[in-house]
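K.L.:
Its first residue numbered 66, the sequence shown is counted upward by one per residue in my numbering.
From the three backbone atoms N, C-alpha and C, an ideal C-beta is built for every residue, glycine too.
Please read all numbers here as calculations on a predicted model, not as lab measurements.
Here it is: the structure, laid out below.
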Amino acid sequence: MSTAKFPSELASALKENSFGLKSYQVVRETQLESIATIVLLEGETITVSSSPQGFEVLCKETETIHETLEQLLDSLSPAYRLASQQALFSRLEEFATAHEDRGNRPADTTARDG
């Protein structure tokens with residue numbers, strides 16, 4: 066098993082989800098674990114660990130391990146959920162606009178009386 070890509074996984078996930086975070090900083094990376102501090106949109110600072118088992122918040126009462134950083138953030142931050150929905154909606158609007166600009170509108174398949 067190669068762990069060469071593992072340390073960058075947390076940094077990559079943080080970058081992809083930066084729209085829903087105030088700030089973040091990877092503070093430690095080893096072959097088996099990466100740790101970052103994250104400031105949520107609500108202002109709360111958390112420390113997250115990423116390992117082959119998944120993503121988890123350190124120093125929390127619960128020891129829930131999430132498969133993805135998105136799942137972890139979604140479980141902790143209502144503001145992240147909202148920002149995630151808004152980002153998805155924006156991407157869908159961009160796609161629809163680009164699709165219309167190319168003249169590739171879907172065919173009208175509604176029945177017509179006549």
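Using three-state DSSP, classify glutamate 107 as helix, strand or coil.
P.N.:
The sequence position of residue 107 within the sequence shown is 42, counting from 1. Glutamate 107: coil per DSSP, three-state reduction.
K.L.:
Tell me which residues share the same chain as glutamate 132 and place their Cβ nearer than 8 Å to its Cβ, disregarding the 5 neighbours each side in the sequence.
P.N.:
Residue mapping note: residue 132 aligns to position 67 of the sequence shown, counting from 1. Here the set comprises Gly119, Phe120.
K.L.:
Hey, how far is the Cα of alanine 69 from the Cα of valine 91?
P.N.:
Taking the first residue of the sequence shown as position 1, residue 69 is located at position 4. Taking the first residue of the sequence shown as position 1, residue 91 is located at position 26. Per-residue confidence for alanine 69 stands at a pLDDT of 37, beneath the threshold of 50, marking its modelled position as unreliable; no derived number is given.
K.L.:
Using DSSP with H/G/I as helix, E/B as strand and the rest coil, what is lysine 125?
P.N.:
Your numbering for residue 125 matches position 60 in the sequence shown. Lysine 125 falls in the coil class under three-state DSSP.
K.L.:
Consult DSSP for leucine 86 and reduce its assignment to one of helix, strand or coil.
P.N.:
The residue you call residue 86 lines up with position 21 of the sequence shown. The answer is strand: DSSP assigns leucine 86 an E or B state.
K.L.:
Rounded to whole angstroms, what is the Cα-Cα separation between leucine 147 and lysine 87?
P.N.:
Counted from its first residue, the sequence shown places residue 147 at position 82. Counted from its first residue, the sequence shown places residue 87 at position 22. So the two alpha carbons sit approximately 14 Å from each other.
K.L.:
What number of angstroms, rounded off, separates the C-alpha of tyrosine 129 from the C-alpha of phenylalanine 154?
P.N.:
Locating residue 129 in the sequence shown gives position 64, where the first residue counts as 1. Locating residue 154 in the sequence shown gives position 89, where the first residue counts as 1. For the record, residue 129 in the displayed sequence is threonine; it is not tyrosine. Roughly 29 Å separates the two Cα atoms.
K.L.:
Quickly, what does DSSP pair histidine 131 with across the bridge? List them, please.
P.N.:
Here residue 131 refers to the residue found at position 66 of the sequence shown. According to DSSP, histidine 131 bridges with Phe120.
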